[in-house]
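Residue numbers (this note's numbering): 738 to 1012.
Contents: one structure, followed by commentary.
Rendered as structure tokens:
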């Protein structure tokens, strides 16, 4: 039977342990802090996507640390899929022990590539994310099904390339950011997110993926059913293809900010399945 399981957000019953996962824990290091020496907890590596930064994981990080998991949330360069994947591999090289890789949005494409051939990666978690097959791009997958309104909210601008010349990157207009990206986030918080958003190079969204790690590594997917960036039907289609364990939640693309408890629940399910 297909391993996919669906949990509707409106009736979502989180384990009782999540009720206490609200305090900030001590800063985490790559080594498994406080883990059982004989059965170490995996390090959770959180990779943000386009138009966001690592602070979008703050609520999730506090909960994971409180549960005793070591956590890393590196800055995703957002310059090109191969380049970003290589950078994440360099981050993983400094981590001791098993790893659970989590990607939001475009970060899903990055973790799919970075985990290829790395036996320490025990699970992949896709949070409102792209789950590309070899030869597919994020831009192609976003346009595969109707529903995305992102194209009407972004502005292109030029930036210098290291080897000379210029590239093009995209930013979401600040006045449109709240409604497009984070409709269920408080207005003041969404305004901060709009001001701190990290632009994504068009090359990163158009670059085609290489081998997909989800073919060999168990995966979990959280579908944001009110997402205006990646159509929910596209997220569902990719999750079915990857044979991911699926949870659905009524949330915007910024689900890690608006629903960190649900995001943590999915990540913990993946982490516990590795032990």
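Beta carbons: idealized from backbone N, C-alpha and C, even for Gly.
Tell whether a beta-carbon distance below 7 angstroms holds between residue i and residue j.
i	j	result
residue 922	residue 842	no
residue 989	residue 931	no
residue 853	residue 948	yes
residue 867	residue 875	yes
residue 937	residue 959	no
residue 872	residue 980	no
residue 909	residue 788	yes
residue 893	residue 905	yes
residue 826	residue 851	yes
To the nearest angstrom, report how far apart residue i and residue j are at their CA atoms.
i	j	result
residue 1000	residue 791	15 angstroms
residue 998	residue 844	20 angstroms
residue 804	residue 889	40 angstroms
residue 769	residue 951	Only weak support exists for where residue 769 lies, its pLDDT of 37 falling under 50; the value from the coordinates is given anyway. If you take the alpha carbons of residue 769 and residue 951, they lie about 24 angstroms apart.
residue 966	residue 824	25 angstroms
residue 903	residue 777	46 angstroms
residue 898	residue 1009	42 angstroms
residue 978	residue 781	24 angstroms
residue 901	residue 812	24 angstroms
residue 835	residue 956	15 angstroms
residue 974	residue 953	18 angstroms
residue 816	residue 940	7 angstroms
residue 925	residue 933	13 angstroms
residue 799	residue 786	19 angstroms
residue 829	residue 794	18 angstroms
residue 1011	residue 837	9 angstroms
residue 822	residue 814	9 angstroms
residue 737	residue 818	Any answer about residue 737 is impossible in this case: the structure gives the chain only from 738 up to 1012.
residue 802	residue 880	37 angstroms
residue 1031	residue 915	As displayed, the chain neither begins before 738 nor continues past 1012, which places residue 1031 out of reach and without an answer.
residue 869	residue 976	10 angstroms
Just checking my contact of residue i with residue j at CB under 8 angstroms: how many whole Å lie between their CB atoms?
i	j	result
residue 992	residue 986	6 angstroms
residue 858	residue 1004	14 angstroms between Cβ atoms; not a contact.
residue 784	residue 847	6 angstroms
residue 968	residue 884	3 angstroms
residue 887	residue 917	7 angstroms
What residues in its chain sit with their C-beta under 6 angstroms from that of residue i, if we drop five residues either side in the sequence?
i	result
residue 1006	none
residue 882	968, 970, 971
residue 962	969, 985, 987
With a CB to CB cut of under 8 angstroms and the five nearest residues on each side skipped, what residues in its chain are close to residue i?
i	result
residue 891	907, 908, 909, 910
Task: Complete beta strand (DSSP E) runs within the region 831–902 (minimum length 3 residues, chain order) - done: 836–841, 858–864, 891–897
TODO: Mind listing, in chain order, the continuous alpha helix (DSSP H) runs of no fewer than 4 residues lying wholly within the region 964–1002?
DONE: For the region 964–1002, the continuous alpha helix (DSSP H) assignments of 4+ residues that do not extend past its boundaries occur at 969–978, 992–995, in sequence order.
Open item on the list: My parser needs the alpha helix (DSSP H) runs of 4 or more residues fully inside the region 930–968; what are they?
Closed with: 939–943
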